[in-house]
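The block underneath contains the structure these notes are about, expressed in structure tokens.
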Amino acid sequence: MTWSQWNNPEHPSWMLEEKALALDYQSPIWAQRYPSLAKIMADSPKEPLHNRFARNVFVDCDRRVCQFDSNVMKLLGKLDVADNVAVSSTGSSASTVKIADITGFSNQDAKIDASGDDKVDAYLKQQNASGWMGIDGWEPIPVDKIGLRKDVYRKTLP
1341 MTWSQWNNPE HPSWMLEEKA LALDYQSPIW AQRYPSLAKI MADSPKEPLH
1391 NRFARNVFVD CDRRVCQFDS NVMKLLGKLD VADNVAVSST GSSASTVKIA
1441 DITGFSNQDA KIDASGDDKV DAYLKQQNAS GWMGIDGWEP IPVDKIGLRK
1491 DVYRKTLP
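Residue numbers (my numbering): 1341 to 1498.
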């Protein structure tokens, strides 16, 4: 929400309604598949409504996890933000930003004996074994399926 073009309806990148009309976004085929799209122009089109930010895990992150500007803070109550957690792997919440005052986020202290990327993997394995934060329907994060892989189109990895 802080980009200059985002708050400038005259900027060419903002011609959302023009682009949507070119795609006939109110036709039955779009309305059936994407019900909120058909009414988006009447529903605060400059705001990122109908987006979901949920079930994210931040391990040993600092203030950047929730460093929102005033524009974003005004929108948080309108967004679907749920079941996000910031984890301190040292077992000390002093090393993780306090985000308990933002709806949809919580803090967790967990002593993890690992380093680097292994910390995240160790934490996730620990949580997958015991259930995660008591959240119903928790599904283990498929860490082994995330990221670049070799395939027909990508013969080598960077």
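Where a beta carbon is used, it is the ideal one built from N, C-alpha and C, also for glycine.
On the DSSP bridge assignment, give the partners of residue 1392 in chain order. 1420.
Cα-Cα separation, residue 1412 to residue 1418: Each residue's alpha carbon lies about 10 Å from the other.
What three-state label does DSSP hand residue 1376 in the structure shown? Helix, per DSSP.
What are the start and end residues of the beta strand (DSSP E) that includes residue 1397? For residue 1397, the uninterrupted beta strand (DSSP E) segment begins and ends at 1397–1399.
Beta-carbon gap between residue 1421 and residue 1393 smaller than 8 Å: The answer is yes: Cβ separation under 8 Å.
Let's test the definition: count the other Cβ atoms within 10 Å of the Cβ of residue 1483 and tell me whether it reaches 16, buried, or not, exposed. By the C-beta density criterion, residue 1483 is exposed, having fewer than 16 other C-beta atoms within 10 angstroms.
Inspect the beta-carbon positions of residue 1378 and residue 1371 and report whether they are closer than 8 Å. For the 8 Å CB-CB criterion, residue 1378 and residue 1371 form a contact.
Take residue 1358 and list the residues in its own chain whose beta-carbon comes closer than 7 Å to its own, dropping the five residues that flank it on each side. Excluding sequence neighbours, residue 1358 sits near nothing in its chain.
Name, in chain order, the residues that DSSP records as bridge partners for residue 1425. Beta-bridge partners assigned by DSSP to residue 1425: 1397, 1446.
Looking at residue 1427: is its Cβ nearer than 8 Å to the Cβ of residue 1399? With a cutoff of 8 Å on beta-carbon distance, residue 1427 and residue 1399 are scored as near each other.
Excluding five sequence neighbours on each side, which residues of the same chain lie with their C-beta closer than 7 Å to the C-beta of residue 1356? Correct list, in chain order: 1385.
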